[in-house]
Amino acid sequence: MDQTIHVRPATADDLPFIRSLAERFARVGTPAWRDAQQMWEFHQQSAEEVGDAIDTRDLVLIAEDVQGNHLGFIHVTHATDFFTQEPQGYVADLAVSAQAEGKGVGRALMEQAEVWARTQGYRLLVLDVFAFNMRARTFYTHLGYAEETVKMVKEL
Numbered sequence: 001m002d003q004t005i006h007v008r009p010a011t012a013d014d015l016p017f018i019r020s021l022a023e024r025f026a027r028v029g030t031p032a033w034r035d036a037q038q039m040w041e042f043h044q045q046s047a048e049e050v051g052d053a054i055d056t057r058d059l060v061l062i063a064e065d066v067q068g069n070h071l072g073f074i075h076v077t078h079a080t081d082f083f084t085q086e087p088q089g090y091v092a093d094l095a096v097s098a099q100a101e102g103k104g105v106g107r108a109l110m111e112q113a114e115v116w117a118r119t120q121g122y123r124l125l126v127l128d129v130f131a132f133n134m135r136a137r138t139f140y141t142h143l144g145y146a147e148e149t150v151k152m153v154k155e156l
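Take the sequence shown: its letter number 100 is residue 100 in UniProt numbering, and every next letter is one higher.
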């Protein structure tokens, strides 16, 4: 991990920063068959749920620079594999500020998520990403994640 990036557990004081990154999720785009306003509201609600996850069994981490400026956050929760019912870790949210993109922040947060998942006894850490989000898909592939299923959608 880059020594200029410090990763620590999130606290309630970090909620304004976490909420501010909800906009980053919305900027990724919205599939044509989804309502942009509903997606925006979902991302806002998701940010609130991250706040609810602080101090629970979930993992919520904040990445900061050496001056204590917020750079990004990750929320990892417990899940069950659909096919095998095997317990696994699930990356519910990962967001990095625009200024911190490409500087190793996402990687540092994912590395800590993997450490946490191993300490939970999980064999797998999984996540979802929109098919059109090629930047994120490339990032996760570079970290060693493989695509497993593809959700197909047809608007009627």
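Cβ atoms here follow ideal geometry from the backbone N, Cα and C, with glycine treated the same way.
| Item | Value |
| --- | --- |
| If you draw a straight line from the C-alpha of A146 to the C-alpha of F139, how long is it? | 11 Å |
| Can G89 and A53 be called in contact, C-beta distance under 9 Å? | no |
| At 3 residues or longer, what runs of the beta strand (DSSP E) sit wholly inside the UniProt domain "N-acetyltransferase" (5-156)? | 6-9, 59-64, 70-80, 87-96, 125-127 |
| State the Cα-Cα distance for the pair R24 and S97, rounded to the nearest angstrom. | 8 Å |
| Taking Cβ positions, are V66 and T4 nearer each other than 9 Å? | yes |
| Let me know if A22 comes out buried or exposed under the rule of 16 or more other beta-carbons within 10 Å of its beta-carbon. | buried |
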